[in-house]
Amino acid sequence: MDFTRGGEATAKIKKALQLVGMEVDTIRRAVIVAYEAELNIVIHAKHGSLVTHIHPNRVEIEAVDEGPGIPDISLALQEGYSTAPPHIREMGFGAGMGLPNIQRCSDELHIDSEVDSGTTLKAIIINKSRGE
Amino acid sequence: MNLWDQIIQQLELTLQAGPLTFGQVRGAFCGDLLSDVLANAAPGDLWITIHHHRNIVAVASLVNLSGIIISNNRLPDPETVEAAIKEGIPLFTTPLNNFMASGELFKILSDNSII
Ligand SMILES: Nc1ncnc2c1ncn2[C@@H]1O[C@H](COP(=O)(O)OP(=O)(O)OP(=O)(O)O)[C@@H](O)[C@H]1O
Ligand SMILES: [Mg+2]
Chain B
-19 MDFTRGGEAT AKIKKALQLV GMEVDTIRRA VIVAYEAELN IVIHAKHGSL
31 VTHIHPNRVE IEAVDEGPGI PDISLALQEG YSTAPPHIRE MGFGAGMGLP
81 NIQRCSDELH IDSEVDSGTT LKAIIINKSR GE
Chain X
131 MNLWDQIIQQ LELTLQAGPL TFGQVRGAFC GDLLSDVLAN AAPGDLWITI
181 HHHRNIVAVA SLVNLSGIII SNNRLPDPET VEAAIKEGIP LFTTPLNNFM
231 ASGELFKILS DNSII
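Taken in sequence, the protein lines are chains B and X.
According to the working numbering, the stretch in the first sequence is residues -19 to 112, in order.
According to the working numbering, the stretch in the second sequence is residues 131 to 245, in order.
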């Protein structure tokens, strides 16, 4: 996969969310979740897909990949934990902030992973209207 | 002098790519960890970074930043320039390092009561 094109799937999701008029904060959180999940697939997995379901009251983002899997999910969720190689770190990735960002921005998060097989991440972002 | 002109002059910016009219600068952010910028930069921020690869444009565009300044005389990759044109993100270079560029920008933004 072309690493420098990372973010293109997320850009499409952002456009769709803007088109249907989701709240600004919902779009912001969904964009962060989608981008971090997309880059995790690009950086850590072999290939995968990003599927978004848009409901009036919530956005569901599902990232499914085939790849090495995550042996210890609670460790991976810790801020600062990263297995990214040096050349990825040089580019400003691999701070171990992606999964914590996803967790902070989603109202519900489920991660399932099987070592040597792949990872499924499902995040739900509630579309809270202003003042709610 | 308008705000962009002040910034361009004080930070010795060279425009590498971008639209004819720039968006409003609402603040600034300096950082080289992309996940940090994504999570903590605010819409309208002008972003100072050492990175020059294409992904910086994706990040800036996704969180609606007002522009990118690449510090320390580093030049953007050709794909970065291409992406900035496509996304309409003003992309600059400066001879100043992150610290000096941030200091100059802080001064201008606080003088203009933006931060
Ligand atoms: N889809 C995935 N497949 C395999 N391993 C993953 C996947 N997503 C995350 N991981 C593992 O979890 C670790 C932490 O992920 P996280 O997104 O928090 O940080 P990072 O990707 O290393 O750095 P950053 O997101 O800050 O650029 C990764 O370094 C990697 O070991
Ligand atoms: Mg990550």
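All residues carry an ideal CB built from backbone N, CA and C; glycine is no exception.
Mind checking who His90(B) pairs with in its DSSP beta bridge? Answer is Lys102(B).
May I have the straight-line CA-CA distance separating Leu226(X) from Val0(B), to the nearest angstrom? 42 Å
Could you tell me whether the region 188 to 199 of chain X touches the region 219 to 233 of chain X, where touching means 3 or more Cβ pairs closer than 8 Å? yes
How about Ile12(B) and Asn107(B): are their beta carbons less than 8 Å apart? no
At a Cβ threshold of 8 Å, is Asn185(X) touching chain B? yes
What's the gap between the Cα of Pro51(B) and the Cα of Ala43(B)? 17 Å
When you compare only the Cα positions, how much space is there between Ile7(B) and Val22(B)? One C-alpha to the other measures close to 22 Å.
Residue(s) in a DSSP beta bridge with Ser29(B): Val44(B), per the DSSP bridge assignment.
Taking the straight line between their C-alpha atoms, what separation do you get for Pro66(B) and Gly60(B)? In a straight line, the C-alpha of Pro66(B) is about 15 Å away from that of Gly60(B).
Just to make sure I have the definition right: I need the residues of chain D whose C-beta is within less than 9 Å of the C-beta of Val11(B). Which are they? The structure shown contains no chain D; the protein chains it does contain are B and X.
Under 8 Å, Cβ to Cβ, is there at least one residue of chain B near Glu212(X)? no
Closer than 5 Å to ligand 2: residues, by C-beta to nearest heavy atom, in chain order: Asn20(B), Gly78(B)
Counted within 10 angstroms of its Cβ, other Cβ atoms place Gln154(X) as buried (16 or more) or exposed: Counting the other Cβ atoms within 10 Å of the Cβ of Gln154(X) gives fewer than 16, which makes it exposed.
With DSSP collapsed to three states, give me the class of Thr224(X). coil
Beta-carbon proximity list for Phe159(X), same chain, < 6 Å, skipping 5 on both sides: Excluding positions up to five away in sequence, the list reads Ala171, Asp175, Trp177.
Would a C-beta distance cut-off of 8 Å place Gln146(X) and Glu234(X) closer than the cut-off? no
Tell me the rounded alpha-carbon separation between Glu18(B) and Ser243(X). 37 Å
Ligand 1 heavy atoms versus the CB of Tyr61(B): any closer than 7 Å? yes
Is Ser62(B) near Gly72(B), with beta carbons less than 8 Å apart? Result no, Cβ atoms of Ser62(B) and Gly72(B) do not sit closer than 8 Å.
By the 10 Å Cβ neighbour count, where 16 or more other Cβ atoms means buried, how is Pro206(X) classified, buried or exposed? Burial check for Pro206(X): the Cβ neighbour count within 10 Å reaches 16 or more, so the residue is buried.
Find the nearest neighbour of Ala64(B) within the set Ile34(B), Glu3(B), Gly76(B), judged by alpha-carbon distance. Gly76(B)
Within the 8 Å Cβ cut-off, does Glu16(B) reach chain X? Among the CB atoms of chain X, one or more fall inside 8 Å of the CB of Glu16(B).
Coil, strand or helix - His182(X) by DSSP: coil
Check whether the Cβ of Ala56(B) sits closer than 7 Å to any heavy atom of ligand 1, and report yes or no. Indeed, a heavy atom of ligand 1 lies less than 7 Å from the Cβ.
Quick one: give me the first and last residue of the beta strand (DSSP E) that Gly76(B) is part of. Element bounds for Gly76(B): n/a, residue is neither H nor E.
Kindly list, in the order they appear in chain B, the residues whose Cβ is closer than 8 Å to that of Asp162(X). Gly72
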